[in-house]
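Numbering (the working numbering), first residue to last: 1081 to 1187.
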């Protein structure tokens, strides 16, 4: 029983001796391009997915920061309302003191 052994040199010799070696080389080139294209496509899909995951994490962090910022602004608004109320009361007191002092001076 004989085994058919085809070596790289044997294949190259058969291609070189054929009437159209460019056909074989073109087929090899097309197969190589398809394999490389598939590898690049899979890599790009994986890269896109990782970017989407990173974007989701970034969005969650931004939303958390926004919520904290909103809470801080609400506390600031409440504090400003309290300050405004205190100032209004103080203005009323000052007005009463001025009226009382004016009344004493005029009498």
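Where a beta carbon is used, it is the ideal one built from N, C-alpha and C, also for glycine.
For clarity, every value in this text was computed on a predicted model and none was experimentally measured.
Item, Value
"Endpoints, the alpha helix (DSSP H) within which residue 1183 is located", "1101–1186"
"Cutoff 8 Å; reference residue 1113; Cβ partners in own chain excluding five residues on either side", "none"
"Cut-off 7 Å between Cβ atoms - residues of its own chain near residue 1151, not counting five sequence neighbours on either side", "none"
"Pairwise C-alpha distance: residue 1138 and residue 1095", "56 Å"
"Separation of residue 1132 from residue 1111, as counted between CA atoms", "32 Å"
"Nearest-angstrom Cα separation, counted from residue 1162 out to residue 1175", "20 Å"
"Where residue 1081 falls: helix, strand or coil (DSSP)", "Here residue 1081 scores only 43 on pLDDT, less than 50, and its place in the model should not be relied on; the value that follows carries that caveat. Coil."
"Close-in-space but distant-in-sequence residues of the same chain around residue 1141 (CB under 7 Å, 5 per side omitted)", "none"
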